[in-house]
Amino acid sequence: MRIPVIAGNWKLYKKTAEALRLVQDLSPLVADVQGVEIILAPSFTVLGPVRSLLNDSPIAIAGQDCFWEEEGAYTGEVSPGMLVDAGCSHVIIGHSERRHYFAETDETVNKKIRAAIQAGLFTIVCIGETLQERERNETFDVLERQIKAGLTDLSDDEMKKVLLAYEPVWAIGTGKTATDEQAQEAHAFIRRLVAECFSDSCADGLRILYGGSVKPDNIRSLMSQPDVDGALVGGASLTAESFAAIIHYQK
Ligand code: PGA
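By my numbering, the letter at position 132 of the sequence shown is numbered 133, and the numbering carries on one by one without gaps.
Spelled out as structure tokens, the structure:
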């Protein structure tokens with residue numbers, strides 16, 4: 002039994018007052034939720050205030066990225082240990098926006114994942130094909146490359162700290178969601194590949210989130226797919242009502 006995960010990626014939105022307002026509005030709406038892990042990924046500057054406001058709430062917080070070195074002369078970077086220090090239990094690694102705008106590669110993604118796990122963080126590792134790659138029928142090749150290179154040198158034990166997020170790039174922020182069948186097909190492929198590269202038990206326990214224009218009106222059918230274990234939500238996580246509705250997808 003894999004516990005479902007709903008994670009909100011706030012990207013480059015929400016200064017302190019807006020962030021705290023969102024948490025204040027969201028908390029009572031989801032106070033009754035059981036059996037779903039809720040994660041918020043605010044920007045670095047508001048991690049501390051959001052963590053303080055959440056206090057002992059079961060809602061977890063995540064960094065949206067981290068560097069692979071723990072400390073040193075690396076101006077502008079944030080280390081995994083700093084995220085832990087700010088109260089994070091999770092970190093997102095390899096989001097397509099990082100790969101696209103900030104030149105992240107499978108190699109840097111791998112270094113970051115290993116450093117984050119070393120610091121005790123759960124890592125939400127994002128993978129997914131672009132529209133051109135899908136149209137060229139390269140979806141599975143891309144996923145295979147991203148998984149094999151991105152998860153290089155991880156042990157089965159370390160894989161327990163990994164969650165994968167399948168985010169087709171063409172569905173992110175575009176309003177175009179993958180169909181339930183497209184999501185299921187990709188997730189099943191990912192799980193089979195993880196079984197091959199690691200072990201059956203590792204693949205069985207792995208949570209695979211779907212991301213890309215997840216909304217209150219499509220979450221339920223996505224989550225009904227056998228290999229969809231959660232969602233990584235961008236735009237619809239920015240208002241309390243829509244994110245709460247997504248978290249309440251079982252209702
Ligand atoms: P979206 O973003 O829900 O706005 O499409 C998802 C993501 O980038 O994680």
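Here a beta-carbon is modelled for each residue, glycine too, at the ideal position from N, C-alpha and C.
According to DSSP, simplified to helix, strand and coil, what is residue i?
i: C127; result: strand
i: A232; result: strand
i: V37; result: coil
i: V110; result: helix
i: H101; result: helix
i: A241; result: helix
i: I148; result: helix
i: H91; result: strand
i: I191; result: helix
i: V79; result: coil
i: V215; result: coil
i: L165; result: strand
i: L210; result: strand
How would you call residue i, buried or exposed, if buried means at least 16 neighbouring beta carbons within 10 angstroms?
i: S243; result: buried
i: G64; result: buried
i: E108; result: exposed
i: S202; result: exposed
i: P169; result: buried
i: G174; result: exposed
i: A104; result: exposed
i: N56; result: exposed
Measuring only from the beta carbon, is residue i closer than 7 Å to any heavy atom that is part of the ligand PGA?
i: N10; result: yes
i: V215; result: yes
i: H101; result: no
i: V234; result: yes
i: I173; result: yes
i: H96; result: yes
i: G77; result: no
i: E168; result: yes
i: A237; result: yes
i: G206; result: no
i: G129; result: no
Contact check, residue i vs residue j under 8 Å by CB: the rounded distance?
i: V79; j: F123; result: The Cβ separation is near 17 Å, so there is no contact.
i: R3; j: R221; result: Contact flag wrong, Cβ pair sits at about 17 Å.
Quick one: does residue i have its CB under 8 Å from some CB of chain B?
i: E70; result: Considering every chain present, this structure includes no chain B. It has just one protein chain.
- Item | Contiguous alpha helix (DSSP H) assignments of at least 4 residues, all confined to the region 8-66 | Scanning the region 8-66 for uninterrupted alpha helix (DSSP H) segments of 4 residues or longer gives 17-31, 48-55, listed from N- to C-terminal end.
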